[in-house]
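Participant: Residue 90 is where the sequence shown starts when you use our numbering, and the numbers rise one by one after that.
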Amino acid sequence: MDIVREAIFSSLGDRVIGARVLDLFAGSGAYGIEALSRGAAQAVFVDNHPKSIEAIRFNLKRTRLDGKVIREDAFKYLQKVDQPFRLIFADPPYSRHSDDRNYALEILQFKALSTAIDAGGILVLERSPVKDEATSGIWEITRSKKYGKTEVIFCVLRS
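Encoded structure:
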């Protein structure tokens with residue numbers, strides 16, 4: 090996963106510097122913490138699992154970085170965003186079987202996500218590679234890269 094994260098941040102380059110960053114389905118907070126360490130102005134971490142919240146707080150303390158940690162469902166949080174983000178990272182649980190909930194597709198089709206991002210902002214979504222998976226009319230995939238059982242897509246709002 091370090092290789093994936095390094096590749097993502099290498100692709101983003103200077104876009105991270107000074108950015109307001111949202112880390113959805115934050116888990117350990119790795120994306121937001123990496124962004125802060127590379128010069129992001131602010132990071133907001135959203136996850137609904139108590140162990141994830143504990144891990145994010147621990148990792149922020151360990152790295153001596155500051156971020157806002159919110160324990161809430163990502164979809165509910167997105168409906169309340171009042172200031173847009175330049176970078177949004179989303180690493181939802183993968184759908185491995187056809188009957189699993191497909192969080193990645195849901196997030197791409199969730200209208201509130203499009204209002205939570207700056208014009209010209211970038212959504213970086215980590216998901217399980219799926220053949221012929223639809224995205225949405227909201228987002229344009231500008232880059233896609235597979236790393237084993239992980240696919241990372243970079244998206245911008247369609248104009």
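Cβ atoms here follow ideal geometry from the backbone N, Cα and C, with glycine treated the same way.
Between which two residues does the alpha helix (DSSP H) holding residue 146 run?
Facilitator: It spans 139-152 - the alpha helix (DSSP H) in which residue 146 sits, taken as one unbroken run.
Participant: Could you work out which residue in 176, 118, 208, 202 is closest to residue 129 when comparing CA atoms only?
Facilitator: Ranking 176, 118, 208, 202 by Cα distance to residue 129 puts 176 first.
Participant: Note down, one range per segment and in chain order, each alpha helix (DSSP H) of at least 4 residues found wholly within the segment 147-215.
Facilitator: Fully enclosed alpha helix (DSSP H) runs of 4 or longer: 163-167, 192-198, 200-204.
Participant: Looking only at its own chain, which residues have a Cβ that is under 8 Å from the Cβ of residue 92, when we skip the five neighbours before and after it?
Facilitator: For residue 92, where only same-chain residues beyond five positions count, the Cβ hits under 8 Å are 236.
Participant: Between the alpha carbons of residue 114 and residue 137, how many angstroms are there, rounded?
Facilitator: Going by the C-alpha atoms only, they are around 8 Å apart.
Participant: Is the CB-CB distance between residue 245 and residue 229 below 7 Å?
Facilitator: Their beta carbons are under 7 Å apart, which means residue 245 touches residue 229 by this criterion.
Participant: Please identify the residue among 121, 117, 218 whose C-alpha is closest to the C-alpha of residue 98.
Facilitator: It is 121 whose Cα lies nearest to the Cα of residue 98.
Participant: Looking at C-alpha atoms only, which residue of 238, 214, 161 is the closest neighbour of residue 232?
Facilitator: Nearest option by C-alpha distance: 214.
Participant: Spatial neighbours of residue 123 within its chain, please: C-beta separation below 8 Å, excluding the five flanking residues on both sides.
Facilitator: Excluding residues within five positions, the ones whose Cβ falls inside 8 Å are 94, 98.
Participant: Measure from the alpha carbon of residue 234 to the alpha carbon of each residue in 217, 118, 174, 160, then state which is nearest.
Facilitator: With distances taken between Cα atoms, residue 234 lies closest to 217.
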